Amino acid sequence: MAEALLRIDGLSAGYGAAVVLQGVSLALPEGDTLALLGRNGTGKSTLIDTLAGATRQHAGSITLGGVALHRLPAHARAAAGIGWVPQERSIFQSLSVHENLTAVARPGRPGSGARPWTPERVYEMFPRLAERKTHLGGQLSGGEQQMLAVGRALVLNPRLLLLDEPLEGLAPIVVQELLHAIRRITREEGLSAIIVEQHPQAILAISEHVAVLDRGRIVHTGAAAQLRAQPALLDRLLGLARQDPVDPQIPYIK
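Now the structure itself:
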């Protein structure tokens with residue numbers, strides 16, 4: 001197994017005095033992807049937000065490449081290697097597509113050996129953003145905004161990409177385009193990632209590891225391929241009750 005890039009030990013966190021996560025411990029090897037699953041309200045987004053520095057941490061530690069992430073303010077975590085795509089996307093609505101990318105771009109990491117992400121590489125991966133590079137963020141469709149949010153995280157040249165429900169509310173054709181891009185970013189480019197999703201089978205197919213949260217605690221960890229091959233266990237862990245309303249081939253978590 002590759003050396004762990006991310007280590008979470010005994011993490012408890014939430015919003016204000018409310019504790020959502022309790023005693024969460026995880027390790028993610030360098031270059032691997034973790035599918036983070038669970039029903040709504042179980043703490044998935046809170047864990048992503050905590051890694052990004054957007055919650056109140058009550059206990060535990062987070063290290064990224066040996067750096068004590070939990071000691072850093074939110075604005076310093078991008079420099080430490082975090083690329084965050086929040087559920088709200090949070091692109092700059094009044095800036096153009098190109099300005100969104102160039103405003104936050106950081107150079108590639110010295111000695112990483114990886115080809116750095118630039119706005120030009122983002123346009124190569126998402127051609128429709130290249131066609132709309134002069135459009136304001138607020139003029140884009142939901143799918144285009146999500147592509148821009150992913151691209152903006154990539155030009156930070158992070159060590160760890162955090163994706164919070166990147167497929168939510170998108171048309172099936174856009175879902176497939178984003179899944180293809182995420183697969184390329186993680187499998188072909190080797191960027192470590194944690195992905196929160198309500199389409200478990202789709203995300204398990206492009207992940208090495210899986211963790212399932214319930215009531216703020218981890219109730220299952222293992223190989224993504226093994227859980228994907230056990231639909232009865234997946235159903236029991238996630239409480240799958242119906243098919244996705246957009247694409248009946250994609251299981252949907254109630």
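Quick note: the sequence shown uses UniProt numbering, first residue 1, plus one each step. Each residue gets a CB set at the ideal place from its N, CA and C atoms; glycine is no exception. These numbers come from a predicted model, not from an experiment.
- Contact between the region 201-211 and the region 178-190 is present, with at least three C-beta pairs closer than 8 angstroms.
- The beta carbon of Thr42 lies closer than 8 angstroms to those of Leu213, Asp214, Arg215 and Gly216 in the same chain, with the five residues before and after it left out.
- The C-beta of Glu188 has fewer than 16 other C-beta atoms within 10 Å across all chains shown, which makes the residue exposed.
- The beta carbon of Ile91 lies closer than 6 angstroms to those of Asn100, Gly137, Gln145, Leu148 and Ala149 in the same chain, with the five residues before and after it left out.
- By the criterion of a C-beta distance shorter than 7 angstroms, Leu156 is surrounded in its chain by Ala78, Gly83, Val104 and Arg106, once the five residues flanking it on both sides are discounted.
- Excluding sequence positions up to five before and after Val219, its CB lies within less than 6 angstroms of the CB of Val212, all in the same chain and listed in chain order.
- In the DSSP assignment, Arg77 falls within the unbroken alpha helix (DSSP H) covering Arg77 to Ala80.
- Taking Glu165 as the centre and dropping the five residues before and after it, the same chain places the C-beta of Ser45, Gln87, Val196, Glu197 and Gln198 closer than 8 angstroms to its C-beta, in chain order.
- Secondary structure in the region 163-243: the alpha helix (DSSP H) runs of 4 residues or longer, each lying completely within the stretch, are 172-183, 200-204, 224-228 and 231-238 in chain order.
- Annotated three-state conformation of Gly143 is helix, per DSSP.
- DSSP places Leu161 in the strand class (E or B) of the three-state scheme.
- Ranking Gly66, Ala114 and Gly53 by CA distance to the CA of Leu162 puts Gly53 first.
- Secondary structure of Ala130 (DSSP, three-state): helix.
- The C-beta separation of Gly65 from Arg159 comes to about 6 angstroms, placing the pair in contact by the 8 angstroms criterion.
- Using a 10 angstroms sphere on the CB of Tyr123, the tally of other CB atoms reaches 16 or more, which defines it as buried.
- Within the same chain, Cβ atoms closer than 6 angstroms to the Cβ of Leu237 are found at Val212 and His220, the five residues on either side in sequence being excluded.
- Along the region 14-94, the beta strand (DSSP E) occurs as fully enclosed runs of 3 or more residues at 18-29, 33-37, 56-64 and 82-85, listed in sequence order.
- Ser25 sits close to Asp9, with the two beta carbons spaced by under 7 angstroms.
- In the three-state reduction of the DSSP assignment, Ala105 falls in the coil class.
- Annotated as distal: Val210 and Ala229, with beta-carbon spacing of 7 angstroms or more.
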